[in-house]
Amino acid sequence: MSSASSLDAPPASGVANKLEVHDLEKHFGGVQVFRHVSFDVPAGTITALIGPNGAGKTTLINMACGVFHADGGTLTKDGRSLAAIKPAQALSYSLARTFQDVRVFPTMTVLENVMVAFPKQPGDRPWMLFGGSWRSVEEANRSAALDLLERLELADDADRRAEDIPFGSQKLLGLARATATGADTLLLDETTTGLAISRVPIVLAFLRGLKEAGRTILLIEHNMDVVTDVADQVVVLHGTVIASGTPAQVLHDPQVIHDYLGRIYDA
Amino acid sequence: MDYFYFIITVICIWVMMSLAANLVLGYSGQFTCGHVGYLAIGAYTTGILNIFTGMNFFLTLPLAVAITALTAFLTLIPLLRLGPLHFGIATLGLNVVIVDLIHNLAPRVQGAEGLFGLTMPAVMMSGPGRCAIVVVLTALCVWFSRILVSSPFGRTLRALRDRPEALVSLGKDVDYYRILVWTISGALAGLAGGLYTATLSYIDPTVFVVLFSFNLLVYIGVGGLASILGSVLGATLLIAFGEALRFGGLPSDISGPVQQALFGLLLVVIMMFRRQGLVGQYEFRE
Amino acid sequence: MALLQVLISGLSLSGYYAVLAIGFGMIFATLRIFHIAHAAVFGLAGYMFFLFHRMYQIDIWVSGALALVLAAVFGLLIDLGIYRPLLRRGGGTFSVFIASLGLTLVFESVALMLTKGTLSVARVGALAPVTIGPVSFRWFDVEVVVPVALLYAGLYIAVMRTRVGLEIRALADNAGLAGVVGINTDRTRTAIFLGASALAGLAGIFTAYDSGMVPTSGMDLLFITIVAVIFGGSRYLFMGALGGSIIMGLVTALAGFLFPQWVTIIVFSLLIVLLIVRPNGLFG
Chain A
173 MSSASSLDAP
183 PASGVANKLE
193 VHDLEKHFGG
203 VQVFRHVSFD
213 VPAGTITALI
223 GPNGAGKTTL
233 INMACGVFHA
243 DGGTLTKDGR
253 SLAAIKPAQA
263 LSYSLARTFQ
273 DVRVFPTMTV
283 LENVMVAFPK
293 QPGDRPWMLF
303 GGSWRSVEEA
313 NRSAALDLLE
323 RLELADDADR
333 RAEDIPFGSQ
343 KLLGLARATA
353 TGADTLLLDE
363 TTTGLAISRV
373 PIVLAFLRGL
383 KEAGRTILLI
393 EHNMDVVTDV
403 ADQVVVLHGT
413 VIASGTPAQV
423 LHDPQVIHDY
433 LGRIYDA
Chain B
15 MDYFYFIITV
25 ICIWVMMSLA
35 ANLVLGYSGQ
45 FTCGHVGYLA
55 IGAYTTGILN
65 IFTGMNFFLT
75 LPLAVAITAL
85 TAFLTLIPLL
95 RLGPLHFGIA
105 TLGLNVVIVD
115 LIHNLAPRVQ
125 GAEGLFGLTM
135 PAVMMSGPGR
145 CAIVVVLTAL
155 CVWFSRILVS
165 SPFGRTLRAL
175 RDRPEALVSL
185 GKDVDYYRIL
195 VWTISGALAG
205 LAGGLYTATL
215 SYIDPTVFVV
225 LFSFNLLVYI
235 GVGGLASILG
245 SVLGATLLIA
255 FGEALRFGGL
265 PSDISGPVQQ
275 ALFGLLLVVI
285 MMFRRQGLVG
295 QYEFRE
Chain C
2 MALLQVLISG
12 LSLSGYYAVL
22 AIGFGMIFAT
32 LRIFHIAHAA
42 VFGLAGYMFF
52 LFHRMYQIDI
62 WVSGALALVL
72 AAVFGLLIDL
82 GIYRPLLRRG
92 GGTFSVFIAS
102 LGLTLVFESV
112 ALMLTKGTLS
122 VARVGALAPV
132 TIGPVSFRWF
142 DVEVVVPVAL
152 LYAGLYIAVM
162 RTRVGLEIRA
172 LADNAGLAGV
182 VGINTDRTRT
192 AIFLGASALA
202 GLAGIFTAYD
212 SGMVPTSGMD
222 LLFITIVAVI
232 FGGSRYLFMG
242 ALGGSIIMGL
252 VTALAGFLFP
262 QWVTIIVFSL
272 LIVLLIVRPN
282 GLFG
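Just so you know, the sequences run in chain order A, B and C. One gets the working numbering by counting positions in the first sequence from 1 and adding 172 to each. One gets the working numbering by counting positions in the second sequence from 1 and adding 14 to each. One gets the working numbering by counting positions in the third sequence from 1 and adding 1 to each.
1. Going along chain B in order, which residues have a C-beta closer than 7 Å to the C-beta of S96(C)?
2. In whole angstroms, give me the CA-to-CA distance for S121(C) and F29(C).
3. Can you give me the C-alpha to C-alpha distance between A368(A) and L221(A), rounded to a whole angstrom?
4. What residues from the region 122-138 of chain C come within 7 Å of chain B, judged by C-beta to C-beta, listed N to C?
5. Can you tell me which residues form a DSSP beta bridge with M11(B)?
6. Kindly give me the distance between the Cβ atoms of V372(A) and L321(A), rounded to whole angstroms, as I take these residues to be in contact under 8 Å.
7. Tell me whether Q427(A) sits in a helix, a strand or coil according to DSSP, three-state version.
8. Would T400(A) and T357(A) be called neighbours here (beta carbons separated by less than 9 Å)?
9. So what does DSSP say about A473(A), is it helix, strand or coil?
10. Determine the extent of the beta strand (DSSP E) in which V137(B) is found, giving its start and end residues.
11. Going by beta carbon distance, what residues of the same chain come within less than 7 Å of T152(B), once the five residues before and after it are set aside?
12. Of all the residues that make up the region 228-239 of chain B, which are near chain C by a beta-carbon distance shorter than 9 Å?
13. Tell me the rounded alpha-carbon separation between I103(B) and M138(B).
14. Strictly below 8 Å CB to CB, what residues from chain B border S315(A)?
15. Looking at C-alpha atoms only, which residue of D250(A), I257(A), V274(A) is the closest neighbour of G366(A)?
16. Around the C-beta of Y17(B), are 16 or more other C-beta atoms found within 10 angstroms, so that it is buried, or is it exposed?
17. How about G185(B): is its C-beta nearer than 9 Å to some C-beta of chain A?
18. Compute the Euclidean distance between the alpha carbons of S174(A) and L318(A), then round it to the nearest angstrom.
19. Exposed or buried, F260(C), counting other C-beta atoms within 10 Å across all chains shown (16 or more means buried)?
20. Would a check of beta-carbon distances place I28(C) closer than 9 Å to chain B?
21. Give every residue of the same chain whose Cβ lies closer than 6 Å to the Cβ of G278(B), excluding the five residues on either side of it in the sequence, and list them in chain order.
22. Measure from the C-beta of S245(B) to each C-beta in chain A and report whether the shortest distance is under 9 Å.
23. Are the Cβ atoms of I21(B) and A254(B) separated by less than 9 Å?
24. Is the region 141-156 of chain C in contact with the region 12-27 of chain C, if contact means three or more CB pairs nearer than 8 Å?
25. Are the C-beta of P166(B) and some C-beta of chain A separated by less than 9 Å?
26. Quick check on DSSP: helix, strand or coil for I169(C)?
27. With 9 Å set as the bound, which would you pick, yes or no: does the beta-carbon of A86(B) sit closer than that to a beta-carbon of chain C?
28. Tell me Q405(A)'s beta-bridge partners as DSSP assigns them.
29. Say whether chain C places a C-beta atom closer than 9 Å to the C-beta of I65(B).
30. Classify F239(C) as buried or exposed, calling it buried when 16 or more other Cβ atoms lie within 10 Å of its own Cβ.
31. Based on Cα-Cα distance, which residue from M220(C), A242(C), V131(C) lies nearest to G103(C)?
32. Between which two residues does the beta strand (DSSP E) containing K198(A) stretch?
33. Kindly provide the ranges of any beta strand (DSSP E) runs that are 3 or more residues long and lie completely inside the region 246-317 of chain A, ordered along the chain.
34. Measure from the alpha carbon of I55(B) to the alpha carbon of each residue in V123(B), N229(B), I81(B), Q274(B), then state which is nearest.
35. Mind checking who L129(B) pairs with in its DSSP beta bridge?
36. Report yes if the CB atom of A289(A) is closer than 9 Å to the CB atom of R349(A), and no otherwise.
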């Protein structure tokens, strides 16, 4: 592996917290999703966001990416407010995300799905196509894309249409795509849901690699093995933040057990 | 023999139009049902400039390209928010409006409904000469389109076609790409239009009615979406077929409607059974 | 004076649009099918009526009834033979639109082949004008407007008060849910197509009788009708279709009187503007 890895984050900005959520509130019409939600996601760490279905975890990611806007409270990235951003701007704030329902580009190959995500491709502009510089960037991106796919054990499927691979593989593809954007902070929505248990370690290794390369991760998860394995911090969302702390602390919290886990989690 | 050159020339024009339409429909998922409107703009630009200002034909071509590209750009902007069906109907309407506006407002040559009496450079006056020029230009358009679609830009277009909201999450401006490819498509149509005027040597609004946009859909539907080869194949096969019908012994007042009926039937059959056409890389999913 | 005359003919035109609009609008609102082939159903009825009454000299009421039945069946066959299989094979609203377009082209081409494009007028004599004060019209115009108005009222009652009507409204509201709660969507669909096609047939019969039929009559009329439907929106289908039809009747009559060269441009520009401006377009 070269020292410049496909996992690398952009240079650190010296900000302590990548994402800061303060007293956040959201409702849809008459339905209150959550209120008084506060937590921080420190740079270079992995935060797991857990909680029952409908608690608003995906909504929170949507809000960070400008799909929805807050009804109260603040949401900031590197100290800049995300209150009024539009979805197309999220990446310019160095935020990338995956989707719970994946949304790969179905008729494109697995490799193309990753390659379309790389930022600043000269070949993306028609007038640049008649010079030569875009080809070398394309080659470099291709290597980086294949490297990502290999880490996720998808390299064999590189030339298959994304719609033809199983759902679990599509989830991993979504993860590769988000990583390829080069954003320093990744918001991952249920990456292991629908993934065969035998493939979960691939994700764990990948996430650890991302963290080592300096990226920050907010992870929505239902799989507690994943949470205990990689998370530095766990935030439990159910109407509000009912608990937060290390995995060990949170998973023994009586309210969390009552509202969500159902039992004491023992690895 | 001259007729043979004429048919090849006409096929080439429609290959250019198929490339233009496939770029937006097959590669970026914009459901154009009125692309012949842009052909009309290019054709009339060349015709008007050449006949009424005496401009050299070859000089009119870049202007036809530019003006058609500009028209394409301006007419797309208000339609960007529309879903596939509404977009299709709106572009259909646009074709009708453009042709009727030309009918009402465009200058006419004395004593006729349309334009004729172009002054052509020598090479464009002969059947083989004109054919050669058009074939070369068409080949250039094919080459250009190939580069475009097999590039990262082409890849982004396909992503745009597949899942625009996912492309947005990758930080790419969906509207920017739509406008860009549509404008390029307009430029191609403008070139085709200018050459069409030279080929037909008489043009009037009836040459550009919306029916021909439907025929264009048949060409790329049969050839196949998102395929450069398909864009060439569809127009070639179907125009050749149309000509064969004409020589096949049908009375001349029947052969037109028969061809039209068969084209209509083809549309139904393609939609029902083979939405990717012959060699398409994509099928109508909407 | 002339303006009053224009208004009268506008109202008469509205009758045609209204009859087409309610059928087309209902099919779109409930099934999301952009049924361009409605023009072919219209055309078939008109030509059949011409054939029976003018060519075979069959009694006018019998001819009309036969043409209506043929129209209804033809419309249903289009759904059974093309739309339903297409949708089953994974086609979407645009594919259905294109298939519908193809079918209409086939119809127009065949009609062109058979009639050589001549105007087919079904009535035998001329329609005598009636003059009251400054306006003149024909009894025929009244004969169009009155049945259309009655038909509207009847349809409205049928949709609002009967079981089938309830199912139609459910389908328009939420097609997926309608199937889940046990509404036989196939049967409702059949009723919709039969009804709408009969209405289109009625418009075709009137047209063939009054001004005569050419292969493109259907499409020409249908596009104006589509603008009327969009004007009206799908929220209150009946009132909307009726209101939109009246507006378009007046607009086309006025435009036809003041600047006939611009009628098509006005209609289609209106179409484009409405599609842009109404955020839900036809989904109203």
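We put the beta carbon where it would ideally sit given N, CA and C, even for glycine. These numbers were taken from a predicted model, which means no experiment stands behind them.
From the atom records:
1. M285, R289, F298, E300
2. 30 Å
3. 21 Å
4. none
5. This structure does not reach residue 11(B), given that chain B is present from 15 up to 300, and the question cannot be answered.
6. Contact flag wrong, Cβ pair sits at about 18 Å.
7. helix
8. no
9. In the structure as shown, chain A starts at 173 and stops at 439, and residue 473(A) therefore has no counterpart that could be examined.
10. Careful: V137(B) lies outside any beta strand (DSSP E), inside the alpha helix (DSSP H) at 136-139.
11. C26, V29, M30
12. F228, L231, V232, G235
13. 37 Å
14. Result: empty, since nearest Cβ-Cβ is about 15 Å, beyond 8 Å.
15. V274(A)
16. exposed
17. yes
18. Here S174(A) scores only 36 on pLDDT, less than 50, and its place in the model is too uncertain to base an answer on.
19. exposed
20. no
21. none
22. no
23. yes
24. yes
25. yes
26. helix
27. no
28. T219(A)
29. no
30. buried
31. M220(C)
32. 189-200
33. 267-269
34. I81(B)
35. I217(B)
36. yes
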